[in-house]
Each structure stands twice: as C-alpha cells, then as structure tokens.
C-alpha cells in the first residue's frame, strides 16, 4: 500500500518502512509588487526546501533508501523565473547528476484547464523540458503528467523502482553523511543560502523605503517579522543535522 503523507510543500510516498520517495511540491509565486501575505508563501517554499534537504540525509544515515524524488509543478503557473527558478536550482544541487535518474518531474493541474487553454499549457511544458529542465532530463530525469493521487503514486513508484537506482545516493546524502559537510557547505546549502540572503536584502530595502515614505507601523513590523524568519532559516543552515 502506498502511503502519502499530507503536506502542501513536501511529503514522502512509501511502500515499505525502509523505502521512501520524496514528493516536493511547488507553490504559486509572483515576481513583482508582492504583498506581505504572498511573501510568506515564498518563506514557506524555503522551509519546504530545508525539509527536502534534511530528510534524505536522515534516511541515508538510518540505512533507509530514497528510491526517488518527485518534483511536482503546477503547469497552470504562467511564469518560470525568479523564485521558482532559484528553487529548482537548489533542487538540482540536492539531487546531483548521478541521481537525476531517480527524479520524476511531475506536471500537475492539467485537469483544471479548459480545452482552449490546453495548447498554451502544452507549450509551457515544452519550454520547461527544452530549457529549464533540460539538464536534468539529459541526465535521466523524466517528465510525467498527473495528479497527486494514489493511482499516480503507484505508477511513478513502479517506474522509479524499475530504474534500479536504489544504490545511487543523492548528492546531498553524500555531502552530509559520507563527506561530513555542514549543511551550509553543501552545494544545495550554498545555493539556498544565496537565495535567502537575496531575499533578506530585498526585505531590508523595503523596510528602509517604507520608513522613508512614511509607511504604516504595522506594515513595517510585518516586514521586520519576515526578515527575522529569513535570518532564522540562515541560522538553521549552520546547525548540525
């Protein structure tokens, strides 16, 4: 029986106690004129990345195996850039070139599209395959259309197990466990740290601008609260796992 843990950000699918397949979902994002509430969605995206980085290492340390990772992307998202692109860069570093064949790039939300819109979604999928996902596909990752259902999970698990890649560790597992690196010193950690620092810089600029323009006290407090969250995530990267 396939177990799917309930999560909007990252979860695992499992067919037995020592075998897990990570499912990483993406969140909607906006590139400009973001509000505080939408910014918090980006913070949650980064939290899911930290979970995705640390879970495989814990599994590897306890002799469990990650048979694969399913990267779930809402195909109705109109843009691929900014935070989404940076998130995927972290994901690539987490997997590494050798374990790319353990990855399924799952495009979802096809059922929510109209027949009229399907053509543009298929074009969007081709752009992802031929540009942003091209390197991972060339190393063995596959693109699959579907939904996060038990039926889809069974199909994907069957594919991943047929790859016979259980003995191939993820790059993050090798770095954290075999090479004894701190999370901040791994390729994924370095990329995520840069992403967080860029966001922190953006928030500080917004706080400065808001104070200069006489923004409301509550708005400034909200921005300051978000900077504290980012600082904590940066600190978490320096904490031994």
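Numbering (my numbering), first residue to last: 17 to 257.
Glycine included, each C-beta is placed from N, C-alpha and C at the ideal position.
Note that the structure is predicted; figures quoted are calculated from it, not measured.
Residue i, DSSP secondary structure in three states
i: residue 260; result: Absent from the model: residue 260. The displayed extent of the chain is 17 to 257, so no value can be given.
i: residue 199; result: helix
i: residue 66; result: Residue confidence is low: residue 66 scores 42 on pLDDT, short of 50, so the model does not pin down where it sits. No coordinate-derived value is stated.
i: residue 124; result: strand
i: residue 112; result: coil
i: residue 83; result: strand
i: residue 106; result: helix
Beta-carbon separation (whole angstroms), residue i vs residue j, contact threshold 8 Å
i: residue 216; j: residue 196; result: With 8 Å as the limit, residue 216 and residue 196 do not qualify as a contact, their Cβ atoms being about 28 Å apart.
i: residue 115; j: residue 176; result: Going by Cβ atoms, the distance from residue 115 to residue 176 rounds to 11 Å, so no, they are not a contact pair.
i: residue 207; j: residue 105; result: 6 Å
i: residue 212; j: residue 250; result: 5 Å
i: residue 157; j: residue 119; result: 4 Å
Closest by C-alpha distance to residue i, when choosing among the options
i: residue 204; options: 188, 244, 218; result: 188
i: residue 113; options: 154, 133, 220, 213; result: 154
i: residue 180; options: 254, 117, 236, 110; result: 117
i: residue 126; options: 173, 136, 120; result: 136
i: residue 87; options: 108, 109, 121, 103; result: 121
i: residue 82; options: 173, 140, 109; result: 173
i: residue 214; options: 98, 85, 84; result: 98
Spatial distance of residue i from residue j (CA atoms)
i: residue 218; j: residue 241; result: 14 Å
i: residue 221; j: residue 147; result: 32 Å
i: residue 90; j: residue 111; result: 20 Å
i: residue 162; j: residue 170; result: 12 Å
i: residue 200; j: residue 168; result: 34 Å
i: residue 209; j: residue 123; result: 27 Å
i: residue 256; j: residue 226; result: 37 Å
i: residue 182; j: residue 190; result: 14 Å
i: residue 43; j: residue 107; result: Low confidence applies to residue 43: its pLDDT is 38, below 50, so where it sits in the model is not reliable, and the reading given next is rough at best. Spanning the two alpha carbons is a distance of roughly 14 Å.
i: residue 134; j: residue 140; result: 10 Å
i: residue 62; j: residue 150; result: Because residue 62 sits at a pLDDT of 39, beneath the cut-off of 50, its placement in the model cannot be relied upon, and the following sentence gives the value as read from the coordinates. Roughly 23 Å between the two C-alpha positions.
i: residue 138; j: residue 130; result: 12 Å
Contacting residues, own chain, Cβ-Cβ under 8 Å from residue i (five flanking each side not counted)
i: residue 143; result: 96
i: residue 145; result: 153, 159
i: residue 243; result: 216, 219, 220, 223
i: residue 128; result: 92
i: residue 254; result: 198, 199, 200
6 Å CB neighbourhood of residue i in its chain, flanking five on each side removed
i: residue 198; result: none
i: residue 102; result: 211
Residues near residue i in its chain [Cβ-Cβ closer than 7 Å; skip 5 each side]
i: residue 237; result: none
i: residue 234; result: none
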